[in-house]
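Reviewing the structure listed below.
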Amino acid sequence: SGIVSAIGRGNLQLLDYEDFIQTDAAINPGNSGGAMVNMRGELIGINTAILSRSGGNQGVGFAVPINMVRNIMDQIITHGKVVRGYLDVAVQDVTPGMAEALGIKSKQGALVQDVAVEGVAEGAGLQRGDVIVSVNGRAVRGAEEFRTRIAQTPPDTNVRLEVMRKGKKQTVHVQLSGLDDQMVRADLVARREAELGVEVQELTPELARRSGYSISSGVVITDVHQSRATQYRGSYGMRRGDVIVSINDQAIQAMDDYVEALVGLTDGDEIWLRIRREYRTSYRTFDVGFKLPK
């Protein structure tokens, strides 16, 4: 029926920066990139994704709001690429227990987990344990909204952050830096690894010899986590000690190959992992992220 059920939806791990409009309008494969309009015929968003186990419409669709689209369009026209602001802090949502421990009434905001040593944020006075509650006077509901707000602000812009520290509100002024290509790649690789649910290290000849592997190249799985992929598709049976020897038929001989393979993936792609375990080889397959409309 086209009802908007939520705005500002994030934490879906569909895109790097999320501020979705959620609707029950029928969005099907083939609709991605199409217009979402209101009853006055005004463009309000661009259809982007659906939440579906089957790949077809199940009444939950997401669109990028038009203000975000316009911001990106203006950047591409001006710079020829998307230029994102960056602040060197790691943040997370505030849980009720954290709010009580920190002595703050509101459960909204972005809790600073870590601050880069000798970075911009540290120089401005941000500290671990601070809760960022607003950016330039606009309230921040959570970590995802904070990251998106910072990314949409041009580099070298001075921003005013209101933070709660030990129950008291303070103001911090900081100049944003830019998110360079290496940071983008590192962020994308981290996201893909989180979806895959594994941690790896390069399988060197020395490690292969000490561990008794029958091959001497690839990346070996050092840890397996519960991931969004396993939550929705079931366990892939990957174990510590398994060696990833190819991704989508691209040979993985070293960590650089692994990184390049992950960077080349797009949401909605299907991954074929070739796994070596002892003297046997098998495949694992799953989708990257949720299935996106093509």
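The opening residue of the sequence shown carries number 1260 in the working numbering; numbering runs sequentially from there. Note that beta-carbon positions come from the ideal geometry of N, C-alpha and C, so glycine has one too.
Where residue i sits in the DSSP three-state scheme
i	result
serine 1470	helix
arginine 1417	According to the sequence provided, residue 1417 is asparagine. The question's arginine does not apply to it. The answer is strand: DSSP assigns asparagine 1417 an E or B state.
valine 1394	strand
leucine 1455	helix
leucine 1532	strand
histidine 1338	helix
glycine 1426	coil
methionine 1295	strand
arginine 1614	Residue 1614 lies beyond the stretch modelled for the chain, which goes from 1260 to 1553, so this question has no answer here.
alanine 1510	strand
valine 1323	strand
alanine 1557	Past the edges of the chain, shown from 1260 to 1553, lies residue 1557, and the structure says nothing about it.
isoleucine 1303	strand
glutamate 1537	coil
valine 1518	helix
valine 1328	helix
valine 1399	coil
threonine 1481	strand
isoleucine 1503	strand
Proximity to residue i [Cα-Cα], best of the options
i	options	result
leucine 1302	Val1319, Val1328, Val1518	Val1328
alanine 1467	Ile1336, Gly1477, Val1459	Gly1477
valine 1348	Trp1531, Leu1435, Arg1498	Leu1435
threonine 1525	Glu1537, Asn1507, Tyr1542, Arg1535	Asn1507
valine 1374	Leu1346, Val1394, Arg1397	Leu1346
serine 1291	Gly1320, Asn1330, Leu1370, Arg1498	Gly1320
valine 1394	Gln1429, Gly1523, Arg1469	Gln1429
glycine 1437	His1484, Lys1366, Arg1343, Ala1369	Arg1343
valine 1502	Tyr1472, Phe1279, Pro1355	Tyr1472
valine 1399	Ala1360, Ser1541, Asp1278	Asp1278
glutamate 1458	His1484, Tyr1538, Arg1469	His1484
arginine 1539	Ile1474, Val1263, Ala1265	Ile1474
aspartate 1415	Leu1361, Ala1285, Val1433, Gly1401	Val1433
alanine 1449	Val1323, Pro1355, Glu1519, Arg1299	Glu1519
CA-to-CA distance, residue j to residue i, given in whole angstroms
i	j	result
glycine 1456	methionine 1357	26 Å
aspartate 1515	arginine 1451	15 Å
valine 1431	valine 1422	7 Å
phenylalanine 1405	aspartate 1528	28 Å
glutamine 1460	isoleucine 1511	12 Å
isoleucine 1325	leucine 1385	32 Å
phenylalanine 1545	leucine 1532	9 Å
glycine 1493	arginine 1419	Note that glycine 1493 has pLDDT 40, beneath the 50 cutoff, so the model's placement of it is unreliable and no number is given.
arginine 1353	asparagine 1417	Reading off the sequence, residue 1353 comes out as valine, not arginine. Going from the Cα of valine 1353 to the Cα of asparagine 1417 covers about 25 Å.
asparagine 1297	asparagine 1330	20 Å
glycine 1304	serine 1541	43 Å
glutamine 1334	arginine 1543	39 Å
alanine 1360	valine 1350	17 Å
arginine 1498	arginine 1397	45 Å
isoleucine 1530	aspartate 1283	29 Å
glutamine 1372	lysine 1427	18 Å
serine 1505	glutamate 1465	20 Å
leucine 1370	arginine 1469	43 Å
Distance cut-off 8 Å: residue i Cβ against heavy atoms of the ligand GTP
i	result
glycine 1339	The ligand content of the structure shown is nil, which means the ligand GTP is not present either.
(request) Determine contact between the segment 1374-1382 and the segment 1392-1410, defined as no fewer than three beta-carbon pairs at a distance below 8 Å. (result) no
(request) Could you tell me whether the segment 1387-1401 touches the segment 1329-1341, where touching means 3 or more Cβ pairs closer than 8 Å? (result) no
(request) Could you name each continuous beta strand (DSSP E) segment of 3 residues or more that falls completely within the segment 1345-1381, going from the start of the chain to the end? (result) 1348-1352, 1369-1374
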